[in-house]
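*Asks:*
Numbering (full-length UniProt numbering), first residue to last: 1 to 506.
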């Protein structure tokens, strides 16, 4: 590649990136999922409109899988373990048994409604049965939902990619070469167990390394954190286990551990997640041929309706009824099974495997994702209100940034009080922070103050606290407890359960 070619590639890439960022802003203002406009940018940039040629399904599959890994690392970093822990069992059942039920029901619909043979119908069912982590994470963070509901949906979307990918790979093989049910089950168990163990182990190694190795620059901590997630993904794939589940669990461990510069790390990971989403959706938009999409509209609508109105509700009811989940929550979870990049990436697998009719499957999946994301995404807030799931007065989570002062055996904490936090109106002395933690500076409206015991906090205030390393966790828990419950909050854990002052994990 010459320098002129490099400049041209960078110019086109930069223009596409800025167009995608503008599309994200437009989507936010219109209340639409960003992925729709990202896909539109890719289609417009493609061969039939602007003229960028891209038809390499193998490259799309490889880059798409890597992009999913980055998105899942970011999702794991931003997921609160206490929210997921209490719903781990139902999420695991939804991600395994629920996927199997959805594949069978959707495949049956494709077989009887579209006349597909069972092999191709089950392949289509497997492709569209995975909820999309990027879409779910993006939508749920903007909704005032109970933590148990968001925890369940986030865990399901993080866990169900692995079994879905396995099923797609199985059904992408020739009928004569299909393994038996026992072999398929054994493969699923191996990939999930080994991938999960690798993710947990590498996450723990990352935590130990980042806690005890002083890096020379703040910006290296976010890079190292995301790097451990990528290592987990690659290690899982290298031993033929699930790199996807390894990446998510490594991110979950790293994001819920006491690490320096956590807020900066999450911001960096969010940026890389957005970059992965933009690249992923634009690339998939480039991959489709707009002239082939009209013929896929009716099949996509038929399969999508079966998936939305039959397969998803049946799988949710089957999996969650034993856990006595209320019917309102089941109904919302059924409607919140968003599809996004994952099904389109999975649709490239049969193309690479040279399955007959694979290109038509890609077009069906593309139309299905666009249409039903357009239907489900914007209606989720209304569905939450209709089912009385939404909490209009939900308090936004308090974000605490930390920086170690190793020489003094102390930590600096910076806190911004978000709108709606019950820290608003609380006097400094009413915080009852564990000694010797103290608020040293308060920034309000760009003006710096030294707060006294009677200083009353307000939304938008930025606080600088100094605490010892031994009491840092208790200080954070106390701030979060007051942020959720107000000045009358007792010494409770982050979710209202009594905990010893020095115990617990973040």
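Glycine is no exception: its CB is placed at the ideal position from the N, C-alpha and C atoms.
1) In angstroms with no decimal places, state the Cα-to-Cα distance between residue 269 and residue 288.
2) According to DSSP, what are the bridge partners of residue 443?
3) Answer with buried or exposed for residue 18, where buried requires no fewer than 16 other C-beta atoms within 10 angstroms of its C-beta.
4) Which partner residues of residue 416 appear in the DSSP bridge assignment?
5) Taking the alpha-carbon of residue 279 as reference, which of 40, 6, 444 has the nearest alpha-carbon?
6) Within 10 Å of its beta-carbon, does residue 389 have 16 or more other beta-carbons around it, so buried, or fewer, so exposed?
7) On the CB-based measure, 16 or more other CB atoms within 10 Å of its CB, does residue 505 come out buried or exposed?
8) Name the one or two DSSP bridge partners that residue 544 has.
9) So what does residue 52 bridge to, in DSSP terms?
10) Could you give the distance in angstroms between the alpha-carbon of residue 286 and the alpha-carbon of residue 4?
11) Assign residue 117 to buried or exposed, taking buried as 16 or more other Cβ atoms, counted over all protein chains shown, within 10 Å of its Cβ.
12) First and last residue of the alpha helix (DSSP H) that includes residue 272?
13) Got a sec, what are the start and stop residues for the alpha helix (DSSP H) residue 354 sits in?
14) So what's residue 427 in DSSP terms, helix, strand or just coil?
15) Using the Cα positions of residue 361 and residue 121, report the straight-line distance between them to the nearest angstrom.
16) Below 8 Å, how does it come out for the region 188 to 199 and the region 237 to 248: are there three or more Cβ pairs, yes or no?
17) Would DSSP call residue 306 helix, strand or coil?
18) Between the beta-carbon of residue 127 and the beta-carbon of residue 299, is there less than 7 Å?
19) If we ignore side chains and look at the alpha-carbon of each, how far apart do residue 349 and residue 63 end up?
20) Cα separation between residue 227 and residue 155?
21) Going straight from the alpha carbon of residue 129 to that of residue 37, what length do you get?
22) Can you check which of these residues, 50, 464, 425, 430, is closest to residue 443 by C-alpha distance?
23) Inspect the CB distances between the region 90 to 99 and the region 375 to 390 and report whether three or more fall short of 8 Å.
24) Between residue 248 and residue 158, which are expected to be in contact by the criterion C-beta below 8 Å, what is the C-beta distance as a whole number of angstroms?
25) Skipping 5 residues on each side, what residues in its chain have a beta carbon closer than 8 Å to that of residue 48?
26) What number of angstroms, rounded off, separates the C-alpha of residue 44 from the C-alpha of residue 50?
*Replies:* Concretely, from the data shown:
1) Mapped onto the chain shown, residue 269 falls at position 269. Mapped onto the chain shown, residue 288 falls at position 288. Residue 269 and residue 288: Cα-Cα distance of roughly 29 Å.
2) Locating residue 443 in the chain shown gives position 443, counting from the first residue. For residue 443, which the question treats as bridged, DSSP gives the partners 448, 462.
3) What you label residue 18 is simply residue 18 of the chain shown in a count that begins at 1. It is exposed - the Cβ of residue 18 has fewer than 16 other Cβ atoms within 10 Å.
4) As a position in the chain shown, residue 416 is number 416, starting the count at 1. Beta-bridge pairing links residue 416 to 462.
5) Taking the first residue of the chain shown as 1, we reach residue 279 at position 279. The shortest Cα separation from residue 279 among 40, 6, 444 belongs to 40.
6) Within the chain shown, residue 389 is the residue found at index 389, counting from 1. Its Cβ being crowded by 16 or more others within 10 Å, residue 389 is buried.
7) As a first step, residue 505 is located in the chain shown; it is residue number 505 there, counting from the start. Only weak support exists for where residue 505 lies, its pLDDT of 37 falling under 50; the coordinates are left without a value.
8) Residue numbering for the chain in the displayed model covers 1 to 506; residue 544 lies beyond these limits and cannot be assessed.
9) If you number the chain shown from 1, residue 52 lands on position 52. Answer by DSSP bridge pairing, in chain order: 46.
10) Along the chain shown, one-based indexing puts residue 286 at 286. Along the chain shown, one-based indexing puts residue 4 at 4. Each residue's alpha carbon lies about 23 Å from the other.
11) Position 117 of the chain shown holds residue 117. Residue environment for residue 117: exposed (fewer than 16 other C-beta atoms within 10 angstroms of its C-beta).
12) Against the chain shown, residue 272 aligns to sequence position 272. Unbroken alpha helix (DSSP H) run through residue 272: 262 to 287.
13) Looking up residue 354 in the chain shown gives position 354. Segment: none, residue 354 is in no alpha helix (DSSP H) and carries neither H nor E.
14) Locating residue 427 in the chain shown gives position 427, where the first residue counts as 1. Under the three-state reduction of DSSP output, residue 427 falls in the strand class.
15) Reading the chain shown from its first residue, position 361 is the one you call residue 361. Reading the chain shown from its first residue, position 121 is the one you call residue 121. Distance between the alpha carbons of residue 361 and residue 121: 10 Å.
16) As far as the Cβ criterion goes, the region 188 to 199 touches the region 237 to 248, which means the pair count is three or higher.
17) Counting from 1 along the chain shown, the entry for residue 306 is found at position 306. Looking at residue 306 - three-state DSSP - the assignment turns out to be helix.
18) Along the chain shown, one-based indexing puts residue 127 at 127. Along the chain shown, one-based indexing puts residue 299 at 299. The answer is no: Cβ separation not under 7 Å.
19) Looking up residue 349 in the chain shown gives position 349. Looking up residue 63 in the chain shown gives position 63. The straight-line gap from Cα to Cα measures roughly 12 Å.
20) As a working mapping, residue 227 is identified with position 227 in the chain shown. As a working mapping, residue 155 is identified with position 155 in the chain shown. Approximately 22 Å between the Cα atoms of the pair.
21) Residue 129 sits at position 129 when you count from the first residue of the chain shown. Residue 37 sits at position 37 when you count from the first residue of the chain shown. Taking the straight line joining both Cα atoms gives about 23 Å.
22) For the purposes of this step, residue 443 is identified with residue 443 of the chain shown, where counting begins at 1. Checking every option, the nearest Cα to that of residue 443 belongs to 464.
23) Result no; under three Cβ-Cβ pairs closer than 8 Å.
24) Residue numbering aside, residue 248 sits at position 248 when the chain shown is read from its first letter. Residue numbering aside, residue 158 sits at position 158 when the chain shown is read from its first letter. With 8 Å as the limit, residue 248 and residue 158 qualify as a contact, their Cβ atoms being about 4 Å apart.
25) Indexing the chain shown from 1 puts residue 48 at position 48. Excluding residues up to 5 positions away in sequence, 289, 290, 291 lie with their Cβ nearer than 8 Å to the Cβ of residue 48 in the same chain.
26) As a first step, residue 44 is located in the chain shown; it is residue number 44 there, counting from the start. As a first step, residue 50 is located in the chain shown; it is residue number 50 there, counting from the start. Spanning the two alpha carbons is a distance of roughly 6 Å.
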